[in-house]
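2 is the number of the first residue of the sequence shown in our numbering; add one for each residue after it. Comments concern the structure below.
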Amino acid sequence: MEKELKGLSEFEDLVHFKLYRACEDALRHKLNSPHVSAFVVELVPNLELLFHDIIHRTYHPRPGIAFVVKEPVKREVFAAQIRDRIIHHFIFNEVAPWWIKRFSYDSYSCIEQRGNLFGIQRCVKQLRKASHNYTETVWVYKGDISSFFMSLPRQKLYERALWGLEHQFKRKDPMFDLLKYLWYEIIFDEPTIGVEKRGDLSLWKELPPEKSLFHQPLGRGIVIGNLSSQLLSNIYLDLLDRFIKIELGYKFYGRYVDDFYIIVRESEREKLLKDIPRIENQLIKMGLTINRRKTNFQIADKGLPFLGTVVYPGRVIPGKRIRKSTQRALIEYTAGVVSEETLISYLGLLIHYNSKKILGKIFDKAGQDYNF
Numbered sequence: 002m003e004k005e006l007k008g009l010s011e012f013e014d015l016v017h018f019k020l021y022r023a024c025e026d027a028l029r030h031k032l033n034s035p036h037v038s039a040f041v042v043e044l045v046p047n048l049e050l051l052f053h054d055i056i057h058r059t060y061h062p063r064p065g066i067a068f069v070v071k072e073p074v075k076r077e078v079f080a081a082q083i084r085d086r087i088i089h090h091f092i093f094n095e096v097a098p099w100w101i102k103r104f105s106y107d108s109y110s111c112i113e114q115r116g117n118l119f120g121i122q123r124c125v126k127q128l129r130k131a132s133h134n135y136t137e138t139v140w141v142y143k144g145d146i147s148s149f150f151m152s153l154p155r156q157k158l159y160e161r162a163l164w165g166l167e168h169q170f171k172r173k174d175p176m177f178d179l180l181k182y183l184w185y186e187i188i189f190d191e192p193t194i195g196v197e198k199r200g201d202l203s204l205w206k207e208l209p210p211e212k213s214l215f216h217q218p219l220g221r222g223i224v225i226g227n228l229s230s231q232l233l234s235n236i237y238l239d240l241l242d243r244f245i246k247i248e249l250g251y252k253f254y255g256r257y258v259d260d261f262y263i264i265v266r267e268s269e270r271e272k273l274l275k276d277i278p279r280i281e282n283q284l285i286k287m288g289l290t291i292n293r294r295k296t297n298f299q300i301a302d303k304g305l306p307f308l309g310t311v312v313y314p315g316r317v318i319p320g321k322r323i324r325k326s327t328q329r330a331l332i333e334y335t336a337g338v339v340s341e342e343t344l345i346s347y348l349g350l351l352i353h354y355n356s357k358k359i360l361g362k363i364f365d366k367a368g369q370d371y372n373f
């Protein structure tokens, strides 16, 4: 896809090359969309225009589409136009490698080879190690941040992204200036202006105001789903990771987006009880609040809910949401509504943890024989 242009400076030629590479990343497996297909028909002219816009600082994100999904929970999703997704990939390719080296090893979301299964396995390993192979009592603190993406303060988020650029590009070269500009445009974009709502519009009425960008005060919230949003969530919550692991000194810790836990031995129980208000105050300083309804502190024998499972000393069982989703997928597969691949994806986690009794009940409720 690279194309050499006469008259470009060395820096502009580098940006040109990297923009085409970002385009390849953004288009991978996305060619079925009519909007993407239309962009691809005039691919080179469209990319050259996008290149011109970012070099001359005339780039601004365009309105996308918005819809509400019902699974696994009702939530609002904004889908960016392909030109903006190319910019997301451009930024990601430039800054993510630097940030990933800095991120805690126990930050599991949107990092290659550190997904859901990795996070669950780390949680199991930490629980086993903290309890000395399940021979000693341990306690678990499970934290959840209220309406995380919807409540993110954009100014603080931009300052943190800029902090990263200043440390990554210490000479503040032209790439620093370009990325600073692009981060600003992405973070301070108002995605609700001009957006096209699609799907069942009545679903928005079922969303609580704190779950929708349409009800957030000015300067609050970013869209869910964009590659840039996924990276920004880790960039911002790196502050929380470091506060808990370095400043407070907790070794057995893990986080997936806004969902985190701390495991302590009996000897650290009182310390953690005193530190929980400090953790909540740290979140307040970051413009965030703890979701008390989903936050608890209890003995590990009662289970640690994490990433759709409940982790107990010596065993892991799938959570209610995974079980319900698997049962529904099985019924829909039997009715010919979903593919075999979809069903297998749901069954994968249950089979991985040898949840034979749970699988048997799911198949029984769906009126099917369990023969695994």
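Backbone N, C-alpha and C define an ideal beta-carbon position, used for all residues, glycine too.
- Straight-line spacing of the CA atoms in A81 and P319 works out to 33 angstroms.
- With fewer than three CB-CB distances shorter than 8 angstroms, the segment 68–80 does not count as touching the segment 159–175.
- Around the beta carbon of S38, a 10 Å sphere encloses fewer than 16 other beta carbons of the protein chains shown; the residue is thus reported as exposed.
- Contact check for H133 against A23 fails: the beta carbons are separated by 8 angstroms or more.
- With respect to Y135, G288 sits apart: the two C-beta atoms are not nearer than 8 angstroms.
- Judged by DSSP secondary structure, A80 falls outside any alpha helix (DSSP H) and instead within the beta strand (DSSP E) spanning 76–80.
- DSSP, read as helix, strand or coil, puts Y257 in strand.
- Taking the Cα of A67 as reference, the smallest distance to any Cα among R199, A27, G222 is reached at R199.
- Taken in chain order, the whole alpha helix (DSSP H) runs of length 4 or more contained in the segment 12–77 are 35–42, 44–56.
- Collapsing the DSSP output to three states places D276 in a helix.
- Looking from the CA of L214, the closest CA among D201, L20, I194, F52 belongs to I194.
- If you draw a straight line from the Cα of L20 to the Cα of E167, it comes to about 22 angstroms.
- The C-alpha of R256 is placed about 14 angstroms away from the C-alpha of L128.
- In this structure, the straight-line span from the alpha carbon of Y60 to that of L51 is close to 7 angstroms.
- Our two residues, D260 and L308, have alpha carbons roughly 8 angstroms apart in a direct line.
- Judged by DSSP secondary structure, K173 falls outside any beta strand (DSSP E); it is assigned neither H nor E.
- The segment 84–98 and the segment 269–287 do not touch, with fewer than 3 CB-CB distances between them shorter than 8 angstroms.
- Considering only P218, R266, Q231, the residue with the shortest C-alpha distance to Y251 is R266.
- In chain order, F150, M151, S152, L153, L214 place their CB closer than 7 angstroms to the CB of G222, counting only its own chain and leaving out the 5 sequence neighbours on each side.
- Boundaries for G195: no beta strand (DSSP E) harbours it, and the DSSP string shows neither H nor E there.
- Every unbroken stretch of the beta strand (DSSP E) spanning 3 or more residues and falling wholly within the segment 283–340 is given here in chain order: 297–300, 305–307, 310–313, 316–319.
- Per DSSP, reduced to three states, the secondary structure at G222 is coil, with no helix or strand assignment.
- Between the alpha carbons of I285 and L273 lies a gap of roughly 18 angstroms.
- Per the Cβ contact rule, the segment 97–108 is in contact with the segment 231–245 (3 or more Cβ pairs under 8 angstroms).
- Burial check for I263: the Cβ neighbour count within 10 Å reaches 16 or more, so the residue is buried.
- Within its own chain, no residue has a Cβ closer than 6 angstroms to the Cβ of E341 once the five positions on either side in sequence are excluded.
- Nearest in C-alpha terms to K157, of all of A131, G144, K143, F189, is F189.
- Per DSSP, the continuous beta strand (DSSP E) segment holding D145 begins and ends at 139–145.
- Rounded to the nearest angstrom, the Cβ distance from I56 to E13 is 6 angstroms, consistent with a contact under 8 angstroms.
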